[in-house]
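Please read the structure below before turning to the comments.
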Amino acid sequence: MAELRAPAHPVSRRAPLAWTIGASIPALIVVVALVVAGILDVLTFPWWAWLLYAVLAGAYIVAMPRIRYRVHRWESTETAVYTQTGWLSREQRIAPMSRVQTVDFEQGPLSRLLGLADVTVTTASAAGPIRIQALDADVATRLVEDLTRRAEADLGDAT
Amino acid sequence: MLLVHPVHELVRFFPLVIGALVFGSAQGRNDPWHWLGVAFPVALGLTHYLTSRYRITPTQIELQRGLLSRQVLTTPLDRIRTVELTSTPVHRILGLSRVVVGTGGGGREAKKLELDALPVVQARAMRGALLHRVEARLGEVDAGADGPAQSSRPTGDEVLLTLDPRWARYAPLTTSGLVAAAALVGFLGQFTGRLVDSLEGSSGFDRARSLSLLVLAPAGLFGVLLLGAVLAVAGYFLTNWGFRLSRDTAGQSFQVRRGLLTTTELSLDTERVHGVELHQPLGLRLARGGCVEAIVTGLRKQGESRRSAIVPFAPVGVATGVCSVVLGDPTPMNVLLTPHGPKARQRRWTRSFNSLGWPAAAIIVALAWAGWAWQWYAAPLLILVAAALLAVDRYRVLGHALVGDYLVVRAHSLRNRRDVLARDGIIGWTLRQSFFQRRAGLCHLVATTSAGKQAYVVRDVPLEQAVALADDAVPGLVEQFLAA
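From first to last, the protein sequence lines are chains A and B.
Be aware that the first sequence starts at 1, since it is given in the numbering used here, and climbs by one per residue.
Be aware that the second sequence starts at 160, since it is given in the numbering used here, and climbs by one per residue.
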């Protein structure tokens, strides 16, 4: 019976923190905006609407990073890159090293503060890029070096 | 040659020119300034012409252009996937053609090299040189001068398909005409006020107005449909007149030639044709028709989807026959597809009812509760029946198969498509599971490729089947990640 196992490596231990912060910011902005609107009497909501929002947003901010940390995994072998992402829905992506075109290392401002980085691997297919988010910066650097070395070893235009 | 660029720039600036002329004459003054509106595009066209140069070396093609900002575009010859020759009516009168070279840079940027207004013979020779890499001594040629007439076209192409005008009967069955008709009706709607005023007195119009809505509405609808049908047929002939699909005797490239006013000749490198898509929108499917697009790298994906068409609307037998010849193997078109199981059928029903069925049922209940007359139940009942039929059909057409060198995928009811993708054109895999699919043990398996739609999806297939399919289709890739 054919079944895909999970990729070998989890992402950084600080990834849940990054995701929590990332999820909190929009929620906070919404709260501030609604409070201001309430103060200015433009838009008011009953107390139970606020409670509902607090419960839902709170549940999301607390639960999503933990679930995501369990799901997000990555693996890179001599011949392929394999990742698993998502939290409610799941996505597993496999790309062969022989068809890799570029390897990108990205750090947003939040990632840089936390010492994290994202690695993006693109293939000739517009639908094929593989993104490994929230890796430890040194792990990401090493991964980029490995991938570049392996991709260079293969000749051809990878289309 | 000199004429084409200025004329084209004039066409592009047409609204501005007309505006300038009208404004100028309305002013009544004999103002020389509004001739600037004409002079400017002409000057622009001239600079394009005078500053464009191209060169084909043994390894690449270079295009230099621009007056204020010089631009040099280079493309290595072995990255060239497609060459398209387009001739608008202006080009045709002057015996010219526009060359567009497509490369396989699909993922990041769809680069295309465009050379406007070459003599047709020279354009064809260039195409031969680019695609077949014949050792043609084209050297450095001014975009203006007449180059040596090198005919590197192989003699005797094998013709695979020519247009039969009777196929235009399929055109009204698609939505192409309806869109144009709706646009036209919308445009004319602006004038209804004046139309009504002018018809006010006539007896015929008064009689027409007195007819009940029950007669006028279907009559109006019929009118729009008729208009749509006429426009669809006209559009079909405009695009596909003289359609000819051929393959050169060496089997190295496919040529598609078509067009009534603007003629297009598209050449596809055989090596870069990774499969075919047989499109059968519902109307065509019921009439046993279809059309085919080639899955090829190097053609722009967005917008103009008809660019890779190799069979226009035609009987499905003809379309299937052409596909078999292009693929070199008749089995992918005829093979029976593996269905996706009871869970997939269940999902077809729930999805159909979630979007159509339950709202229709809710409307019926609401009508019953409000006690409305029976005529009003007709529409929601129709929708309910349609939802059920859609669910049945969507499951029936869902399937996949791995046969020979090809992966065959079929899905959708309204825009039914049978995708036949070459296995060595598959780059990687994506396995997607929504929350509900995880609970049902299903997934979407996506084969990513650099050609055509970039991703071909096997929908709602059981997870183990998907993994086994991925492993079989591209050996050695998925194996290392299988659970022991």
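Quick reminder that beta carbons are idealized off the backbone N, C-alpha and C, glycines included.
Since we're looking at a predicted model, the values are computed, not measured.
- Straight through space, the alpha carbons of Y208 of chain B and R569 of chain B are spaced by roughly 48 Å.
- DSSP places P26 of chain A in the uninterrupted alpha helix (DSSP H) bounded by 15 to 39.
- The alpha carbon of T141 of chain A has as its nearest neighbour, out of A:L28, A:R70, A:L52, A:V103, the alpha carbon of A:V103.
- Close to F413 of chain B, with beta-carbon spacing below 7 Å, lies no residue of chain A; the smallest spacing is near 18 Å.
- Any Cβ of chain A closer than 9 Å to the Cβ of F381 of chain B would place that residue at the interface, and such an atom is absent.
- Contact check for I220 of chain B against I239 of chain B passes: the beta carbons are separated by less than 9 Å.
- Cβ atoms of L272 of chain B and T210 of chain B stay farther apart than 8 Å, at about 16 Å.
- The three-state reading of DSSP puts W528 of chain B in helix, counting H, G and I together.
- Remark: C-beta atoms of L404 of chain B and V279 of chain B do not approach each other more closely than 9 Å.
- With a 10 Å radius around the Cβ and a threshold of 16 neighbouring Cβ atoms, P474 of chain B comes out buried.
- According to DSSP, H250 of chain B shares a beta bridge with no other residue.
- Close CB contacts of H9 of chain A within its chain, under the 7 Å cut and outside five residues either way in sequence, are with R73, W74, E75 (chain order).
- The C-beta of I39 of chain A comes no closer than 9 Å to any C-beta of chain B.
- Here the alpha carbons of L543 of chain B and L515 of chain B stand approximately 7 Å from one another.
- Between the segment 430 to 439 of chain B and the segment 571 to 584 of chain B there are three or more C-beta pairs closer than 8 Å, enough to call the two in contact.
- Nearest to G476 of chain B by C-alpha distance, out of B:D356, B:R286, B:L320, B:S572, is B:L320.
- Contact annotation: in the segment 597 to 609 of chain B, residues whose CB is within less than 8 Å of a CB in chain A are R597, V605, T607, T608, S609.
- Note: G434 of chain B is bridge-paired with B:I454, B:L580 in the DSSP secondary-structure output.
- For the options B:A629, B:G287, B:L274, the alpha carbon positioned closest to that of Y565 of chain B is the one of B:A629.
- In the same chain as P96 of chain A, and ignoring 5 residues on each side of it, the C-beta atoms closer than 7 Å to its own belong to T79, A80, in chain order.
- For a cut-off of 8 Å, the C-beta gap from V432 of chain B to V415 of chain B is around 11 Å, too long to register as a contact.
- For A581 of chain B, no chain A residue has a C-beta closer than 7 Å to its own C-beta; the minimum C-beta separation is roughly 13 Å.
- Counting only Cβ-Cβ distances below 7 Å, I454 of chain B has no contacts in chain A at all, with the closest Cβ about 12 Å away.
- Going by C-alpha positions, A520 of chain B is about 7 Å away from P539 of chain B.
- Under the three-state reduction of DSSP output, G558 of chain B falls in the strand class.
- The count of Cβ pairs closer than 8 Å, one atom from the segment 388 to 396 of chain B and one from the segment 332 to 340 of chain B, reaches three, so the stretches are in contact.
- The three-state secondary structure of R5 of chain A, taken from DSSP, is coil.
- Of the candidates B:R618, B:L232, B:F640, B:T408, B:R618 places its Cα closest to the Cα of P498 of chain B.
- Sorting B:F346, B:V259, B:L549, B:S369 by C-alpha distance to the C-alpha of V242 of chain B places B:V259 at the top.
- DSSP lists B:P621 as the bridge partner or partners of L601 of chain B.
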